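Visitor: Residue 12 is where the sequence shown starts when you use our numbering, and the numbers rise one by one after that. Beta carbons: idealized from backbone N, C-alpha and C, even for Gly. In this text, all values refer to a predicted model and were calculated from it rather than measured experimentally.
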Amino acid sequence: MKLKFDANLDYQLEAIQSVVDIFDGQPLGQGEYEISLNDQVGFIEQNELGIGNQLSLSRDQILENVRAVQERNQIERVPELQGGEYINGMNFTTEMETGTGKTYVYLRSIFELNQKYGFKKFIIVVPSVAIREGVYKNLEITKEHFAAVYNNPAYRYFIYDSSRISELRQFSGSNQMEVMIINIDSFNKDTNVMFKEMDQLSGHAPIEFVSSTNPIVIMDEPQNMEQEASRNAISNLNPLCTLRYSATHRNTYNLIYKLDPVDAFERGLVKKIEVASVVAEDSYHAAFISVRDLKSKNNKLKAYLTFHKDTDSGPKESNVTVTHGDDLYEKSNERTAYQNGYIVTEINVTPGREFIRFSNGQRLGIGDSQGGLTDEVMQAQIRNTIEEHLEKEIELKDRDIKVLSLFFIDKVANYREYDELGNAKPGKIARWFVQEYEKLMQLPRYKDVIHHPISKVHDGYFAVDKQNRVKDSWEGRDVKDDEDAYNLIMKDKERLLSKDEPLRFIFSHSALREGWDNPNVFQICTLNESGSEIKKRQEIGRGLRIPVNQEGERVFDERINRVTIVANESYDDFAAALQTEYEDIGIKFGMVPKSEFSSITVDGEQLGADQSNEIWNHLVYKGFLNSEGAILSSFKPENADFSLELDEQYQPLEAEVIDAIRKYDFSRRIENKKKRRKLKLNKQVYLDEDFKTLWDKINKKTRYRVKYDTKELIEKSVKAISKIPTIGKIKLHTYRTTQEITRKGVEAQLVGHRVEEVQMSYKLPDIVAYIQKETELTRATIVEILKQSDRLDEFVNNPQRFMDEVSSAINDTLLSLMVGGVVYEKVEGQIYEMRRFKEEELFSYLNRLVSVEHSVYDFVEYDSEVEKRFAEQLDKRKDIRLFVKLPKQFKIDTPIGPYNPDWAIVKHDEYGGEDKVYMVKETKGSTSKDQLRISELNKIQFGEAHFEALGVDYGMVKSANEV
Numbered sequence: 012m013k014l015k016f017d018a019n020l021d022y023q024l025e026a027i028q029s030v031v032d033i034f035d036g037q038p039l040g041q042g043e044y045e046i047s048l049n050d051q052v053g054f055i056e057q058n059e060l061g062i063g064n065q066l067s068l069s070r071d072q073i074l075e076n077v078r079a080v081q082e083r084n085q086i087e088r089v090p091e092l093q094g095g096e097y098i099n100g101m102n103f104t105t106e107m108e109t110g111t112g113k114t115y116v117y118l119r120s121i122f123e124l125n126q127k128y129g130f131k132k133f134i135i136v137v138p139s140v141a142i143r144e145g146v147y148k149n150l151e152i153t154k155e156h157f158a159a160v161y162n163n164p165a166y167r168y169f170i171y172d173s174s175r176i177s178e179l180r181q182f183s184g185s186n187q188m189e190v191m192i193i194n195i196d197s198f199n200k201d202t203n204v205m206f207k208e209m210d211q212l213s214g215h216a217p218i219e220f221v222s223s224t225n226p227i228v229i230m231d232e233p234q235n236m237e238q239e240a241s242r243n244a245i246s247n248l249n250p251l252c253t254l255r256y257s258a259t260h261r262n263t264y265n266l267i268y269k270l271d272p273v274d275a276f277e278r279g280l281v282k283k284i285e286v287a288s289v290v291a292e293d294s295y296h297a298a299f300i301s302v303r304d305l306k307s308k309n310n311k312l313k314a315y316l317t318f319h320k321d322t323d324s325g326p327k328e329s330n331v332t333v334t335h336g337d338d339l340y341e342k343s344n345e346r347t348a349y350q351n352g353y354i355v356t357e358i359n360v361t362p363g364r365e366f367i368r369f370s371n372g373q374r375l376g377i378g379d380s381q382g383g384l385t386d387e388v389m390q391a392q393i394r395n396t397i398e399e400h401l402e403k404e405i406e407l408k409d410r411d412i413k414v415l416s417l418f419f420i421d422k423v424a425n426y427r428e429y430d431e432l433g434n435a436k437p438g439k440i441a442r443w444f445v446q447e448y449e450k451l452m453q454l455p456r457y458k459d460v461i462h463h464p465i466s467k468v469h470d471g472y473f474a475v476d477k478q479n480r481v482k483d484s485w486e487g488r489d490v491k492d493d494e495d496a497y498n499l500i501m502k503d504k505e506r507l508l509s510k511d512e513p514l515r516f517i518f519s520h521s522a523l524r525e526g527w528d529n530p531n532v533f534q535i536c537t538l539n540e541s542g543s544e545i546k547k548r549q550e551i552g553r554g555l556r557i558p559v560n561q562e563g564e565r566v567f568d569e570r571i572n573r574v575t576i577v578a579n580e581s582y583d584d585f586a587a588a589l590q591t592e593y594e595d596i597g598i599k600f601g602m603v604p605k606s607e608f609s610s611i612t613v614d615g616e617q618l619g620a621d622q623s624n625e626i627w628n629h630l631v632y633k634g635f636l637n638s639e640g641a642i643l644s645s646f647k648p649e650n651a652d653f654s655l656e657l658d659e660q661y662q663p664l665e666a667e668v669i670d671a672i673r674k675y676d677f678s679r680r681i682e683n684k685k686k687r688r689k690l691k692l693n694k695q696v697y698l699d700e701d702f703k704t705l706w707d708k709i710n711k712k713t714r715y716r717v718k719y720d721t722k723e724l725i726e727k728s729v730k731a732i733s734k735i736p737t738i739g740k741i742k743l744h745t746y747r748t749t750q751e752i753t754r755k756g757v758e759a760q761l762v763g764h765r766v767e768e769v770q771m772s773y774k775l776p777d778i779v780a781y782i783q784k785e786t787e788l789t790r791a792t793i794v795e796i797l798k799q800s801d802r803l804d805e806f807v808n809n810p811q812r813f814m815d816e817v818s819s820a821i822n823d824t825l826l827s828l829m830v831g832g833v834v835y836e837k838v839e840g841q842i843y844e845m846r847r848f849k850e851e852e853l854f855s856y857l858n859r860l861v862s863v864e865h866s867v868y869d870f871v872e873y874d875s876e877v878e879k880r881f882a883e884q885l886d887k888r889k890d891i892r893l894f895v896k897l898p899k900q901f902k903i904d905t906p907i908g909p910y911n912p913d914w915a916i917v918k919h920d921e922y923g924g925e926d927k928v929y930m931v932k933e934t935k936g937s938t939s940k941d942q943l944r945i946s947e948l949n950k951i952q953f954g955e956a957h958f959e960a961l962g963v964d965y966g967m968v969k970s971a972n973e974v
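Spelled out as structure tokens, the structure:
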């Protein structure tokens with residue numbers, strides 16, 4: 012199978028456009044839409060070592076563009092380019108959550124920058140072998156996709172190899188797009204081959220060929236390349252700029268786009284996270300010891316242990332620091348388990364040989380443990396993971412989606428070990444897996460789920476030594492053996508997604524958890540015998556991506572898109588640790604700002620800052636928030652009688668206030684598997700004649716056509732273009748200031764300002780072809796619009812900005828005409844099947860469900876407090892016969908993408924009457940069209956046209972009282 016890529020995901024296009032717009036005003040490159048008027052090439056510079064990128068814009072123009080992008084993306088605008096002297100401040104940051112397509116975004120940005128501005132030399136710098144191999148694999152699997160999107164552009168990509176140094180001459184001299192992938196360790200030391208003069212390069216050092224091209228440098232995970240040596244290495248490349256991409260930046264220089272974990276989860280761009288906890292409770296009978304660390308401190312050797320200590324309320328797990336001669340029997344308040352043999356006799360802190368020895372001869376290293384049911388817990392984790400996997404296979408049996416489970420282990424020997432003759436044999440984890448798998452497969456529910464032999468369904472991806480034996484990898488250290496393991500994982504990525512491939516359960520070393528993932532990983536289990544700390548974000552990151560079907564297409568279905576973490580800790584501990592990791596990188600949860608409620612509307616008017624402050628202060632006074640806005644434990648809207656006790660004027664807004672607060676509640680980002688439940692079909696409603704009638708009315712699929720008058724389009728487009736601000740020539744600003752040193756500090760006083768128009772020579776692009784690509788209108792229509800606009804003289808001042816502004820004005824006009832001119836008609840023989848309610852199993856979590864009696868299931872899953880209260884109110888009304896939350900797959904095609912309406916309802920025309928009204932309603936926090944996002948409003952208007960064609964009452968409501 013081949014993975015398919017969607018070229019139209021809005022959030023990815025926003026991120027790409029944010030980078031492209033940094034260079035707004037740069038003359039267009041000599042691409043497929045240009046006409047040649049002279050021989051000058053303004054965007055490419057040729058020198059003795061090759062062809063390089065050239066920037067025509069000033070720093071002031073770049074700053075102006077950056078601030079415009081930041082304003083559009085609701086990011087605080089920078090007063091000046093950030094980063095100081097580092098790359099002259101030309102560092103631009105994109106933050107994207109793991110699993111949302113960060114690599115795709117920066118690869119496609121390369122093609123956009125080449126097509127739009129003619130930049131040709133790009134270097135992708137990575138911090139590790141894992142990420143390097145992942146980038147190369149992505150370039151391979153996107154080759155056909157980018158060829159289709161960009162009309163077969165000529166380009167070459169390669170991994171820098173110091174043994175093939177002549178490739179850098181081609182990189183420098185080529186007149187086509189060149190993309191080099193390089194590990195930071197290959198050029199961050201003076202001893203690297205990159206800095207040695209070579210005869211095969213005519214006496215030049217390789218770095219001279221690279222730096223002469225003035226490349227655009229893309230930094231993947233730059234937080235791992237912030238050391239001084241790495242920063243100097245990047246500077247040595249002589250980059251035109253750096254484009255920085257990560258989910259966990261340390262420095263966010265000139266942030267231009269942000270998609271953080273909260274945004275990604277709320278928009279359904281990654282899988283939901285569910286935790287299945289396996290915890291040994293009350294297992295205090297054995298002498299439990301876990302070694303956290305061994306250190307020499309103030310010339311004294313110390314061991315940092317976790318053990319069981321007697322307390323007034325019974326034995327508890329506790330941390331303790333011990334030195335030579337300490338007795339754990341005394342330290343534990345005389346627990347019997349430590350009575351004999353647990354006096355510390357030796358502590359060794361020699362690097363690589365650290366251990367503690369007790370009087371009974373027991374020796375433990377850092378991370379080792381004894382007692383505590385470690386083996387029993389790991390075996391239970393394996394059993395739970397296999398069971399979760401089999402349930403997922405059943406759930407997805409008709410969805411054509413392959414299910415994978417991933418096990419991280421900290422000791423490869425636990426999966427595969429060797430006898431005296433070097434023959435491989437199963438380790439204890441492999442034996443446990445076979446034992447638990449065979450037990451489960453004998454159960455009637457699972458016996459026909461997987462038909463492949465057990466030897467084919469599980470395997471390991473590990474580093475291999477010179478004797479071809481698997482071995483452990485090392486955290487933070489890239490070695491050749493690990494590289495081979497990554498090659499195996501990457502090479503098999505697409506094969507693993509095929510149902511024809513038997514392998515379902517993958518075992519990998521925990522140190523190999525960065526830089527690779529597979530979208531169809533639905534279960535992740537970390538089997539750690541030691542206490543080594545694995546970052547939760549890295550752990551879940553391997554399974555966050557949206558899954559793909561056998562056609563290689565992403566499946567955006569929130570009902571199935573969840574990754575289950577089978578953890579050896581409680582749900583609360585896991586969630587708390589994950590939240591701490593997010594907060595360590597600057598993402599704050601639970602802190603509700605005073606302005607949060609200002610956009611809530613009443614009678615079409617926003618509350619504004621003052622009333623938002625009033626509500627916020629009330630919440631603090633009532634104990635739902637603390638004085639800093641942190642959410643307190645008393646905020647429990649899932650409780651039946653919960654109320655915010657808002658003042659009378661704000662009572663109708665309670666649901667919207669609750670939804671606003673919930674955005675900051677981290678606990679909703681992770682689900683507890685124990686609270687997952689299956690929704691039961693309410694047969695009384697499902698078999699009701701009114702439900703069948705309702706479904707017959709709304710289940711017809713439609714197609715649309717758009718009618719608009721070309722003359723009207725031209726007239727309105729010309730009017731829109733007339734409102735575009737004057738597009739003048741590119742200007743350079745020179746400021747002169749005096750620096751005053753006073754008791755207040757250093758103050759600058761502006762004493763002069765000069766503006767000069769830049770006289771540039773460049774090829775004029777084919778404006779008609781460019782606008783035709785952006786709008787899909789005919790050339791004749793575009794020519795007529797341009798002629799009537801009477802603004803073509805501004806085109807030569809700044810061609811790129813003129814074309815973009817005109818294209819945007821035309822597209823806005825076109826959309827407004829589409830909304831008024833769309834016509835829907837039924838498609839014969841195509842319907843949404845009613846039987847899917849009966850055949851499909853639905854699962855959700857108790858904190859997202861509201862119990863109802865008059866709907867097709869016993870519970871309704873809600874996305875907001877507004878929806879929850881809407882369902883509760885409908886269920887209580889005697890004039891509402893029945894209602895249903897329309898499933899996610901009930902989608903209406905519109906010119907701007909699919910639309911999923913909210914509710915279908917059957918209502919008595921009047922209380923006690925026999926006449927019934929069949930309707931579809933959309934719930935929104937505000938019914939004022941002025942307060943809805945343009946895309947939301949347009950989809951609702953298209954939905955209105957669809958249901959009008961079916962003869963069904965449709966409308967937008969804020970509460971059930973409006974139905």
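Which ranges would you report for the beta strand (DSSP E) in the region 399-483 if only whole runs of at least 3 residues count?
Guide: If we require 3 residues or more, the beta strand (DSSP E) runs fully inside the region 399-483 come out as 415-420, 427-429, 435-437, 469-472.
Visitor: Note down, in chain order, each residue of its chain lying with its Cβ closer than 8 Å to the Cβ of residue 574, except the 5 sequence neighbours on either side.
Guide: So the qualifying residues of the chain are 282, 283, 284, 285, 532, 533, 534, 535, 551, 554, 555.
Visitor: Using a Cβ-based criterion (distance less than 7 Å to any ligand heavy atom), does residue 559 qualify as near the ligand MN?
Guide: The ligand MN is absent from the structure shown, which contains no ligands of any kind.
Visitor: Just list the residues that DSSP pairs residue 557 with in beta bridges.
Guide: Note: residue 557 sits in no beta bridge, so no partner.
Visitor: Would you mind sorting residue 266 into buried or exposed? The rule is 16 or more other CB atoms within 10 Å of its CB.
Guide: Looking at its Cβ environment, which holds 16 or more other Cβ atoms inside 10 Å, residue 266 is buried.
Visitor: Counting only the same chain and skipping the five closest in sequence on each side, list residues whose C-beta sits under 6 Å from that of residue 11.
Guide: Lying before the first or after the last residue shown, residue 11 is absent from the chain, which here runs from 12 to 974.
Visitor: Taking only three categories from DSSP, how would you classify residue 516?
Guide: In the structure shown, residue 516 sits in a strand (DSSP, three-state: E or B).
Visitor: Give the straight-line distance between the Cα atoms of residue 102 and residue 232, rounded to the nearest whole angstrom.
Guide: Between residue 102 and residue 232, the C-alpha separation is close to 14 Å.
Visitor: Taking just the CA atoms, how far does residue 609 sit from residue 621?
Guide: Their Cα atoms are separated by approximately 8 Å.
Visitor: Could you check what DSSP says for residue 905 in three-state terms: helix, strand or coil?
Guide: In the structure shown, residue 905 sits in coil (DSSP, three-state: anything other than H, G, I, E or B).
Visitor: With 16 as the cutoff for other CB atoms within 10 Å, does residue 649 come out buried or exposed?
Guide: The residue is exposed, with fewer than 16 neighbouring Cβ atoms inside 10 Å.
Visitor: Taking only runs of the alpha helix (DSSP H) that begin and end inside the region 816-867, which ones reach a length of at least 4 residues, in chain order?
Guide: Counting only runs of 4 or more, we get 847-850.
Visitor: On the CB-based measure, 16 or more other CB atoms within 10 Å of its CB, does residue 455 come out buried or exposed?
Guide: Label assigned to residue 455: exposed.
Visitor: Taking only runs that begin and end inside the region 345-370, name each unbroken beta strand (DSSP E) of 3 or more residues, in chain order.
Guide: Those beta strand (DSSP E) runs which fall completely within the region 345-370 and span 3+ residues are 355-359, 366-369.
Visitor: Have a look at the DSSP bridge pairing and note the partners of residue 329.
Guide: Answer is 318.
Visitor: Grouping DSSP H, G and I as helix and E and B as strand, with all else coil, what is residue 105?
Guide: Three-state DSSP puts residue 105 in a strand.
Visitor: I'd like to confirm the pairing. Which residues does DSSP put opposite residue 308 in its beta bridges?
Guide: BP columns for residue 308 point to 311.
Visitor: Can you grab the Cα-Cα spacing for the pair residue 831 / residue 122, in whole Å?
Guide: Spanning the two alpha carbons is a distance of roughly 36 Å.
Visitor: Quick check on the burial criterion: 16 or more other C-beta atoms within 10 angstroms. Buried or exposed for residue 114?
Guide: Answer is buried; the Cβ neighbour count reaches 16.
Visitor: Taking 8 Å as the cut-off, decide whether the C-beta atoms of residue 169 and residue 227 are in contact.
Guide: Going by C-beta atoms, residue 169 is not nearer than 8 Å to residue 227.
Visitor: Enumerated in chain order, which unbroken segments of the beta strand (DSSP E) with a length of 3 residues or greater are wholly contained in the region 178-206?
Guide: If we require 3 residues or more, the beta strand (DSSP E) runs fully inside the region 178-206 come out as 188-194.
Visitor: Between residue 834 and residue 715, which are expected to be in contact by the criterion C-beta below 8 Å, what is the C-beta distance as a whole number of angstroms?
Guide: Confirmed, about 7 Å.
Visitor: Please determine, among 167, 603, 627, 836, the residue with the shortest C-alpha to C-alpha distance to residue 712.
Guide: Nearest of 167, 603, 627, 836 to residue 712, Cα basis: 836.
Visitor: Using 8 Å as the threshold, is the C-beta distance between residue 897 and residue 865 below it?
Guide: Cβ atoms of residue 897 and residue 865: not closer than 8 Å.
Visitor: Taking just the CA atoms, how far does residue 889 sit from residue 287?
Guide: Looking at the two C-alpha atoms, the distance is approximately 41 Å.
Visitor: Assuming residue 23 is part of the alpha helix (DSSP H), what are its boundary residues?
Guide: Note, residue 23: alpha helix (DSSP H), 21-31.
Visitor: What are the partner residues of residue 919, as DSSP defines its beta bridges?
Guide: According to DSSP, which records beta bridges pairwise, residue 919 is partnered with 927.
Visitor: Ignoring anything shorter than 4 residues or poking outside the region 675-742, list the alpha helix (DSSP H) runs there in chain order.
Guide: Within the region 675-742, the complete alpha helix (DSSP H) runs of at least 4 residues are 694-697, 700-709, 721-733.
Visitor: Looking at the secondary structure, which residues open and close the alpha helix (DSSP H) in which residue 978 lies?
Guide: Here the chain covers residues 12 to 974 and nothing more, so residue 978 does not appear.
Visitor: At a cut of 8 Å, does the region 506-519 reach the region 455-474 through at least three beta carbon pairs?
Guide: With the cut-off at 8 Å, the region 506-519 and the region 455-474 touch.
Visitor: Under three-state DSSP, which class holds residue 300?
Guide: The answer is strand: DSSP assigns residue 300 an E or B state.
Visitor: Looking at the secondary structure, which residues open and close the alpha helix (DSSP H) in which residue 671 lies?
Guide: Per DSSP, residue 671 belongs to the alpha helix (DSSP H) from 665-673.
Visitor: Taking 8 Å as the cut-off, decide whether the C-beta atoms of residue 378 and residue 302 are in contact.
Guide: Yes; because the gap between Cβ atoms is below 8 Å, this pair is in contact.
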